[in-house]
Each structure stands twice: as structure tokens, then as C-alpha cells.
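Okay, so here's the structure we're looking at.
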Amino acid sequence: MAATIARYCSSETQRTQARTEPAKALPCAKEIGDAQESLAHQSEPIGDDFKLDELSQKIDEDTLATLLTTSEECLGERVVKLRAGVNGSDSDAIYAAAHSMKGACGSMFGARMSALAAVVEENSQDLNMTRELLPEIEKTATETISWWRSKRMAS
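When you line the sequence shown up against this note's numbering, it's residues 42 to 196, in that order.
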């Protein structure tokens with residue numbers, strides 16, 4: 042991901058410098074800052090154990106199990122839709138899938154997946170970035186589903 046951002050920004054910087062604008066006004070400077078912020082999802086835990094435990098104390102086991110199962114299914118479906126959007130170069134489908142993943146995962150405390158989906162949502166017009174993030178998205182989705190399953194089995 043960092044290499045992708047560096048390549049993108051490098052070519053953008055070269056085009057911008059050719060216009061002789063001052064370095065502080067380079068459009069890529071903002072993009073580098075945004076990209077560094079967008080990498081913050083990598084430091085997120087896969088899920089927020091504390092908040093999910095807090096929720097589990099407020100609802101019965103069957104309801105929690107239903108919520109977790111539904112979240113697993115929804116995330117799997119959204120990853121398929123995101124992949125289809127990438128394969129079809131459809132930024133609207135990418136945006137919709139990422140937006141849905143962000144909210145659904147955030148609601149069930151899947152912190153890393155929600156943060157990564159937010160990055161994709163914000164950059165849905167950048168098909169190359171999304172395409173390169175797809176393996177990480179799929180890996181994070183699998184880890185999130187595994188985390189939810191472990192919580193479902195523990196309840």
C-alpha cells in the first residue's frame with residue numbers, strides 16, 4: 042500500500058513541479074498526508090473486545106449470536122460486491138460496498154475493517170488504489186469474521 046501511494050504521489054509530484062509551483066502548494070503533499078492518515082487502519086485492532094463484551098452484557102446470547110452471524114454474512118456479501126465493482130471499474134459500486142462495510146463493521150466493533158473500508162470509501166474514484174488494497178481488504182474481512190465467530194462461540 043505504501044509503495045502504491047509513493048508511486049502515485051511521485052508521478053503527481055513530477056507533473057506538478059513541471060508547472061513551477063512552490064513545493065508547499067503541491068497537490069500531492071496533501072495526498073501524502075491523507076495517505077499516511079489512511080494507513081492508520083493498520084494499527085487498529087481487528088475488533089474492540091471491550092465494546093463487544095459490553096454489548097454482550099446488555100443483550101441475550103441468542104440476539105448477540107444473530108447479530109454476529111448477520112454481520113459475517115453481510116461482510117462477505119459486501120466484499121463480493123466490492124470485488125465486482127473493482128473488476129467492473131465501477132466507482133459507485135465500490136463506494137456503496139465500502140460505505141456499507143464501514144458502517145456494518147463499525148456497528149459490530151470490527152475496528153480495522155471499518156477503518157479500511159473508510160479509506161476505500163474516501164478513495165472510491167481511485168480504481169488503482171482500491172484494486173491494490175483488495176487483497177488487504179479480503180484478508181481483513183476474513184480476520185474480522187474469524188474474530189466475530191470466536192466471540193459468538195464464547196458467548
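Note that beta-carbon positions come from the ideal geometry of N, C-alpha and C, so glycine has one too.
Should Met142 and Met154 be called a contact, given that it needs their Cβ atoms to be closer than 8 Å?
The sequence position of residue 142 within the sequence shown is 101, counting from 1. The sequence position of residue 154 within the sequence shown is 113, counting from 1. A contact, by the Cβ cut-off of 8 Å.
Quick check on Gly147: does DSSP put it in helix, strand or coil?
Here residue 147 is taken as the residue at index 106 of the sequence shown, counted from 1. If DSSP states are grouped into helix, strand and coil, Gly147 belongs with the helices.
Assign Thr111 to one of two classes, buried (16 or more other C-beta atoms within 10 Å of its C-beta) or exposed (fewer than that).
On the sequence shown, position 70 is the one that residue 111 refers to. Burial call: exposed.
Which word fits Ser191, buried or exposed, when buried means at least 16 other C-beta atoms lie within 10 angstroms of its C-beta?
Translated into positions along the sequence shown, residue 191 becomes position 150. Classification of Ser191: exposed, given that the 10 Å Cβ count is below 16.
In terms of residues, what are the limits of the alpha helix (DSSP H) holding Asn164?
Position 123 of the sequence shown, counted from the first residue, corresponds to residue 164. Premise fails: Asn164 is in no alpha helix (DSSP H) and is neither H nor E.
With distances taken from CA atoms, which of Ala138, Met149, Glu114, Ile87 is nearest Ala159?
Within the sequence shown, residue 159 is the residue found at index 118, counting from 1. Among Ala138, Met149, Glu114, Ile87, the Cα nearest to that of Ala159 is on Ala138.
Between the C-alpha atoms of Gly117 and Asp94, what's the straight-line distance to the nearest angstrom?
Translated into positions along the sequence shown, residue 117 becomes position 76. Translated into positions along the sequence shown, residue 94 becomes position 53. The straight-line gap from Cα to Cα measures roughly 23 Å.
Evaluate Gly129 with the Cβ neighbour count: other Cβ atoms within 10 Å of its Cβ, from every protein chain shown; 16 or more gives buried, anything less gives exposed.
Here residue 129 corresponds to residue number 88 of the sequence shown, with the count starting at 1. Gly129 is exposed by the Cβ-count criterion.
Using the beta-carbon count (16 or more within 10 Å), is Ile100 buried or exposed?
The sequence position of residue 100 within the sequence shown is 59, counting from 1. Classification of Ile100: exposed, given that the 10 Å Cβ count is below 16.
Output the boundary residues of the alpha helix (DSSP H) element that contains Glu113.
Residue 113 sits at position 72 when you count from the first residue of the sequence shown. Looking at the DSSP string, the run of the alpha helix (DSSP H) that includes Glu113 is 102-128.
Using only the alpha-carbon positions, how far apart do Phe91 and Gln98 sit?
Here the question's residue 91 lines up with position 50 in the sequence shown. Here the question's residue 98 lines up with position 57 in the sequence shown. Their backbone Cα atoms lie some 11 Å apart in a straight line.
Quick check on the burial criterion: 16 or more other C-beta atoms within 10 angstroms. Buried or exposed for Glu162?
Counted from its first residue, the sequence shown places residue 162 at position 121. Buried.
Taking C-beta to C-beta, are Cys132 and Leu168 nearer than 8 Å?
Indexing the sequence shown from 1 puts residue 132 at position 91. Indexing the sequence shown from 1 puts residue 168 at position 127. The identity of residue 132 in the sequence shown is Ser, whereas the question assumes Cys. A contact, by the Cβ cut-off of 8 Å.
By a C-beta neighbour count over all protein chains shown, 10 Å radius and 16 as the cutoff for buried, is Ser165 buried or exposed?
Position 124 of the sequence shown, counting from 1, holds the residue named residue 165. By the 10 Å Cβ count, Ser165 comes out buried.
Under 8 Å between the Cβ atoms of Met205 and Leu123?
Because residue 205 is not part of the residues shown, which for the chain are 42 to 196, the question remains open.
Mapping the DSSP letters down to three states, classify Glu85 as helix, strand or coil.
Taking the sequence shown and counting its residues from 1, the one referred to as residue 85 is at position 44. It is coil, neither helix nor strand.
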